[in-house]
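Here's the structure we're looking at; comments come further down.
Protein chains: 2
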Amino acid sequence: MKTAITPTREEDFAQWYQNVIKEAELAENSPTRGCMTIMPYGYAIWELIQEEMNKRIKATDTQNTYFPAMIPMSFFEKEAEHVEGFAKESAVITHYRLKTVDGKMDVDPEAKLTEPYILRPTSETMIGEATSRWIQSYRDLPMKLNQWANVFRWEMRTRIFLRSAEFLWQEGHCAFATEHEAMANVQQMLHVYGDFSKEILGVYSTLGEKTAEERFPGARHTFTREVMVQDGKALQTGTSHDLGQTFSKSFNIKFQSEEGKEEFAYTTSWGITTRMMGDIIAGLADDDGLVLPPKIAPHQVVILPFYRGDDRKDEIQKACLSLKQKLADLGIRALVDTTDARSSDKMWKWVKKGAPIRVEIGERELDAGSLSYVRRDIGKESKETLSTNDFLGKIDSVLEAMQTDIYEKHKAFTLDNTRTAKKLTDAEKWFKEGFKGFVLLPLSETEGAAFETVAEKYKVSRRCMPLDKPDHVIIAKSY
Amino acid sequence: MKTAITPTREEDFAQWYQNVIKEAELAENSPTRGCMTIMPYGYAIWELIQEEMNKRIKATDTQNTYFPAMIPMSFFEKEAEHVEGFAKESAVITHYRLKTVDGKMDVDPEAKLTEPYILRPTSETMIGEATSRWIQSYRDLPMKLNQWANVFRWEMRTRIFLRSAEFLWQEGHCAFATEHEAMANVQQMLHVYGDFSKEILGVYSTLGEKTAEERFPGARHTFTREVMVQDGKALQTGTSHDLGQTFSKSFNIKFQSEEGKEEFAYTTSWGITTRMMGDIIAGLADDDGLVLPPKIAPHQVVILPFYRGDDRKDEIQKACLSLKQKLADLGIRALVDTTDARSSDKMWKWVKKGAPIRVEIGERELDAGSLSYVRRDIGKESKETLSTNDFLGKIDSVLEAMQTDIYEKHKAFTLDNTRTAKKLTDAEKWFKEGFKGFVLLPLSETEGAAFETVAEKYKVSRRCMPLDKPDHVIIAKSY
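Here the protein sequences line up with chains A and B, keeping their order.
Position 138 of the first sequence, counting from 1, maps to 137 under numbering that gives the first Met the number 0, and the rest follow consecutively.
Position 5 of the second sequence, counting from 1, maps to 4 under numbering that gives the first Met the number 0, and the rest follow consecutively.
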């Protein structure tokens, strides 16, 4: 059977991933090395993610801010681990002027900065410096800040949404008077991400703690949300870090306690990025393209007017627009595709763009006051013809069912491809046989040289110790 | 009479401006040269501006996108005027790695980029390159794109919100098949900005066209929104450019017309920035601090529990929280200030932060089921004590009246400080006498060397030719 995307997932997962993005017009590689351009349809999905996540972050009494993107190089010297982890592979601003020589532009050597700036790979240092001044007393705590911003990491091998030299994210940075409150915040935000994934993204994820090897540079504990995508690899999207007093000591974030003592604050940081778009694409799309859960679909219902010739074109388009208005009144995002393309081209376009519900209205439907609709996640077997009023009466529950079904399907896929091993040798055997998925291995089996040999041979790594199985580690390939 | 901000506007406008920002905790200078940190209260105002503006931009069928912040240097060589106007004073990325030498970090000379990147001062070039590929046929037009992003201009003299090396903005970039449609878009967006200013910001502005000298580099027509702030200077916040075929020719943005001919598109660009925060501060604040129009106030009603001792503290706080909930049910953003500070300190805090309505509930009000409230724009003369129910019944109209009154006051201020001159010599005389404000001068009087001499002597410039008086030019000092 012909699929709308070639190659299929089975044939070439990496190429399929690129083609899904291309056909859905989500994003493209830009002329800037390793950077992507997020196109309107991709950005509309990101805006829905952002809007809902922003609400949930604000509900935790966190306030939005904006800090400079250019960070003085010396800031990175204050925290040694952090430098190793981030600052080394970064975009460096060394000059502030260009000049024209013989009609060609070049950097003006006379405009060299005395101290270079680094484009932020993350803002612990910048926000640490500011909060060290903003926080004086226990009354100023907790201080819970967040920013939505672009960040830069000079990645060598890039892939749209999964790894790029510039991406968009939110980064939360909080300071607390006690270790206990800091840890509670780290856990709370991890669960904000987990709940968001389940309720909004339609993506099943495993929440867990990173092993020491995989922690955020400078963190005492790093928690993560790991998603299994359809080639069985893990995608880490959403982390939450307990930074202890590492940054408060490097940046002198002190406060006077209720008892009048001077103490260092406990800080946390947590973030999600445009990588979440990768969850949806690599996790939920199929061989016909994107499959969008209704809650993040720019158009939840796409209405296609079907007509032959111009005879009843106006009448049919009018019926479509009237339906769109009725859906809008119900709070549903609907679109009528009135472009000139052929009906079948329009149909495939919205299949590839993953529109949750496609409605068709042609002459027959017009005369009967009815319509046909299809659910994207099921396909033509879900096709139903019913009166417009019946459709309006049930559309809410159809969208709800679809949101849940997509999640349950992804959950089942993840669990089906997760195995528990007692011994490292079992895991090794499975990977040797070509097993693609997660292997849960007892923590003790992941320590020592034997594990490192297996990890290197099969290109797998420690993903996390799941919250519900903390004495085990998920071992898998990853992006 | 003592004012909450010293110095006053009259005594030292520049210092007053800084202190209003500081006392309201809107933003501060950052350790990065020329860059500001937008603090939570300032960012909350910006978010309200952004949310409403985003709605209005989308209502014009414009789609949001995201393009890379790093632009290859060669892109700027394609449009000569644009280079002169922007690229020369820019942050230049020359390297992609740091190294540690003797425990100190430095730029790694081996990681030099073959082509430097410029941090975007504006994105005509980047978006031009992409749309030259995205646009093939007249069917792809109009293409109306926008992005919310950070931008960078290496300014020598900076001032928070008014001029900084990094700021936030939206930049719209559209392409059309005809000159007529492009010009209609330029006008439409200018009016979106003008209407927004009147309806949301509470700021009176003059819409007009820039004279040739003041156009955007590469533009054929530049339209602007000019605001008079309280020292009589002009603040340009919001511009809309007709770029003709300048960029479509430099970046090869061609389309096949309905008749099958290959033609260059007509492009436009338009934007507003965090400078709009400057409109509100320099335009509307008074000697007691910020005065926020209700539509952009993070907290439209701030409720202050007043109590002596702990006796009835809980009761009073409960009444305050109950009022807050009732206001929330009416869709009004309310806050109860339950911090430990003294009542008078809390009161002044919210005066300086410009909260539109301050409500006080103490023992007397509790017993009477009443409350007192004060409008920030009028002050204590507006104080009224009334039953909670009566307050809830009229709060909507109080906020509406306040929104209008703030605008009308600023309009009257602007018109009071605007004069019309017949001759350059009149304008010169007024400026010599110390007149602060706008002078409307016939266009013919602004051409030639005599005008340049006056302009230089009094540090005034051509602001715009008002839409409703296109044969005149506004002459004023500006930021």
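All C-beta atoms in this analysis are idealised placements derived from N, C-alpha and C, irrespective of residue type, glycine included.
Given the structure is predicted, the values throughout are model-derived calculations rather than measurements.
Query - Inter-residue Cα distance where the pair is L440 of chain B and K232 of chain B - result: On the second sequence, residue 440 of chain B is found 441 positions in, with the first residue counted as 1. On the second sequence, residue 232 of chain B is found 233 positions in, with the first residue counted as 1. Each residue's Cα considered, the two are about 16 Å apart.
Query - C-beta contact flag for S136 of chain B and F254 of chain B at 7 Å - result: Taking the first residue of the second sequence as 1, we reach residue 136 of chain B at position 137. Taking the first residue of the second sequence as 1, we reach residue 254 of chain B at position 255. Contact flag set, yes.
Query - R341 of chain A, buried or exposed, once every other Cβ within 10 Å from all chains shown has been counted against 16 - result: Sequence index remark: in the first sequence, residue 341 of chain A carries index 342 (1-based). It counts as exposed.
Query raised in the report: So, does the CB of R96 of chain A fall closer than 7 Å to a CB anywhere in chain B?
Result: Your numbering for residue 96 of chain A matches position 97 in the first sequence. Cβ-Cβ to chain B under 7 Å: yes for R96 of chain A.
Query - Exposure label - G237 of chain B; buried when at least 16 CB within 10 Å - result: What you label residue 237 of chain B is simply residue 238 of the second sequence in a count that begins at 1. It is buried - the Cβ of G237 of chain B has at least 16 other Cβ atoms within 10 Å.
Query raised in the report: If N416 of chain B sits next to G436 of chain B, beta carbons under 8 Å apart, how far is it from one beta carbon to the other, in whole angstroms?
Result: Start at 1 with the first residue of the second sequence, and residue 416 of chain B comes out as number 417. Start at 1 with the first residue of the second sequence, and residue 436 of chain B comes out as number 437. Confirmed, Cβ separation roughly 3 Å.
Report task. Taking L398 of chain B as part of the beta strand (DSSP E), name the residues at either end of that continuous run. Result -> In the second sequence, counting from the first residue as 1, residue 398 of chain B sits at position 399. From DSSP, L398 of chain B is part of no beta strand (DSSP E) but of the alpha helix (DSSP H) over T387 to D415.
Query raised in the report: Of the choices B:P141, B:K197, B:H190 and B:F151, whose alpha-carbon is the least far from that of E178 of chain B?
Result: Within the second sequence, residue 178 of chain B is the residue found at index 179, counting from 1. Considering only alpha carbons, the answer is B:P141.
Report task. On the DSSP bridge assignment, give the partners of Q169 of chain B in chain order. Result -> Position 170 of the second sequence, counted from the first residue, corresponds to residue 169 of chain B. Answer is B:W147 and B:I271, bridged to Q169 of chain B.
Query raised in the report: Could you give the residue range of the beta strand (DSSP E) that holds R374 of chain A?
Result: As a position in the first sequence, residue 374 of chain A is number 375, starting the count at 1. Note, R374 of chain A: beta strand (DSSP E), S369 to R374.
Query - Other residues of its chain near T205 of chain A: CB distance less than 6 Å, five sequence neighbours each side excluded - result: One-based indexing of the first sequence puts residue 205 of chain A at position 206. A distance below 6 Å between beta-carbons, with the five flanking residues on each side excluded, links T205 of chain A to the following residues of its chain, in chain order: E225 and P465.
**Report entry** Minimum C-alpha distance to V185 of chain B - residue among B:G270, B:S321 and B:T124
**Finding:** Along the second sequence, one-based indexing puts residue 185 of chain B at 186. Looking at the Cα atoms, B:G270 is the closest of the given residues.
Query raised in the report: Based on the DSSP secondary-structure assignment, which residues constitute the bridge partners of Y65 of chain A?
Result: The residue labelled residue 65 of chain A in the question sits at position 66 within the first sequence. Partner(s): B:I37.
Query raised in the report: List, in order along the chain, the chain A residues whose C-beta lies closer than 8 Å to that of S29 of chain B?
Result: Along the second sequence, one-based indexing puts residue 29 of chain B at 30. Those within 8 Å of S29 of chain B in chain A are F66, P67, M125 and A129.
Query - Entirely enclosed beta strand (DSSP E) segments - the segment 215-300 of chain A, minimum 3 residues - result: Along the segment 215-300 of chain A, the beta strand (DSSP E) occurs as fully enclosed runs of 3 or more residues at 220-227, 233-241, 253-255, 261-263 and 265-272, listed in sequence order.
Report task. Determine the burial state of S249 of chain B: buried for a count of at least 16 other Cβ atoms within 10 Å of its Cβ, exposed for fewer. Result -> Here residue 249 of chain B is taken as the residue at index 250 of the second sequence, counted from 1. When all chains shown are included, S249 of chain B counts as buried.
**Report entry** Whether K67 of chain A touches V91 of chain A by CB criterion (7 Å)
**Finding:** As a working mapping, residue 67 of chain A is identified with position 68 in the first sequence. As a working mapping, residue 91 of chain A is identified with position 92 in the first sequence. Checking the displayed sequence, the identity of residue 67 of chain A turns out to be Pro instead of Lys. Contact: no.
Query raised in the report: Three or more beta-carbon pairs under 8 Å between the segment 151-162 of chain B and the segment 288-303 of chain B, yes or no?
Result: no
Query raised in the report: Excluding the five sequence neighbours on either side, which residues of its own chain have a C-beta within less than 8 Å of the C-beta of K21 of chain A, listed in chain order?
Result: Residue numbering aside, residue 21 of chain A sits at position 22 when the first sequence is read from its first letter. The residues are E27.
Query raised in the report: Which residues, taken in chain order from the segment 17-42 of chain A, show a beta carbon closer than 7 Å to some beta carbon of chain B?
Result: S29, P30, T31, C34, T36, I37, M38, P39 and Y42
Report task. Give the C-beta separation of G353 of chain A and L289 of chain A to the nearest angstrom, bearing in mind that I take them to be a contact with Cβ-Cβ under 8 Å. Result -> Here residue 353 of chain A refers to the residue found at position 354 of the first sequence. Here residue 289 of chain A refers to the residue found at position 290 of the first sequence. Contact between G353 of chain A and L289 of chain A holds: CB atoms are separated by about 3 Å, below the 8 Å threshold.
Query raised in the report: Which partner residues does F175 of chain A have in the DSSP bridge list?
Result: In the first sequence, the residue the question calls residue 175 of chain A occupies position 176. Note: F175 of chain A is bridge-paired with A:Y265 in the DSSP secondary-structure output.
Query raised in the report: Is the shortest distance between the beta-carbon of W153 of chain B and the beta-carbons of chain A less than 7 Å?
Result: Along the second sequence, one-based indexing puts residue 153 of chain B at 154. At least one chain A Cβ lies under 7 Å of W153 of chain B.
Query raised in the report: So what's E27 of chain B in DSSP terms, helix, strand or just coil?
Result: As a working note, residue 27 of chain B is residue 28 in the second sequence. Three-state result, E27 of chain B: strand.
**Report entry** Among B:G127, B:S321, B:G259 and B:S256, the one whose alpha carbon lies nearest that of T267 of chain B
**Finding:** Locating residue 267 of chain B in the second sequence gives position 268, counting from the first residue. Cα-wise, what sits closest to T267 of chain B is B:G127.
Query raised in the report: If you pair each beta-carbon of the segment 273-280 of chain A with each one of the segment 156-170 of chain A, do three or more pairs fall below 8 Å?
Result: Judged by Cβ distances under 8 Å, the segment 273-280 of chain A makes contact with the segment 156-170 of chain A, as three or more pairs qualify.
**Report entry** Three-way DSSP call (helix, strand, coil) for K111 of chain A in this model
**Finding:** For the purposes of this step, residue 111 of chain A is taken as residue 112 along the first sequence, with counting starting at 1. Strand.
Query raised in the report: Is the number of C-beta pairs between the segment 204-224 of chain B and the segment 69-89 of chain B that are closer than 8 Å three or more?
Result: Yes, they touch.
Query raised in the report: Got a sec: is the Cβ-Cβ distance from M104 of chain A to anything in chain B below 7 Å?
Result: Taking the first sequence and counting its residues from 1, one reaches residue 104 of chain A at position 105. Yes, because at least one Cβ of chain B sits closer than 7 Å to the Cβ of M104 of chain A.
Query raised in the report: Listing by chain order, which chain B residues have their CB less than 8 Å from the CB of P355 of chain A?
Result: The residue you call residue 355 of chain A lines up with position 356 of the first sequence. Within chain B, no residue comes near P355 of chain A; the closest Cβ sits about 20 Å away, beyond 8 Å.
Report task. Please compile the residues from chain B whose C-beta is within a distance smaller than 7 Å of the C-beta of Y75 of chain A. Result -> Along the first sequence, read from residue 1 onward, the residue named residue 75 of chain A stands at position 76. Residue 75 of chain A is actually Phe in this sequence, not Tyr. What F75 of chain A touches in chain B, judged by beta-carbon distance under 7 Å, is M104, going in chain order.
Query raised in the report: Beta-carbon separation of T50 of chain B and Y40 of chain B under 7 Å?
Result: Position 51 of the second sequence, counting from 1, holds the residue named residue 50 of chain B. Position 41 of the second sequence, counting from 1, holds the residue named residue 40 of chain B. Going by the sequence as given, residue 50 of chain B is Glu instead of Thr. No, the pair does not count as a contact, with Cβ atoms beyond the cut-off.
Query raised in the report: Within 6 Å: the Cβ of K87 of chain A and any heavy atom of the ligand GDP?
Result: Although the ligand GDP was asked about, the structure shown includes no ligands whatsoever.
**Report entry** Cβ neighbour criterion (16 or more within 10 Å) applied to P108 of chain A
**Finding:** Looking up residue 108 of chain A in the first sequence gives position 109. Residue environment for P108 of chain A: exposed (fewer than 16 other C-beta atoms within 10 angstroms of its C-beta).
Report task. Give the residues of chain B in contact with R138 of chain A, contact being defined as C-beta atoms less than 8 Å apart. Result -> Taking the first residue of the first sequence as position 1, residue 138 of chain A is located at position 139. Result: T338 and D339.
Query raised in the report: What does H94 of chain A pair with, by DSSP beta-bridge criteria?
Result: Taking the first residue of the first sequence as 1, we reach residue 94 of chain A at position 95. Its beta-bridge partners are A:K111 and B:V91.
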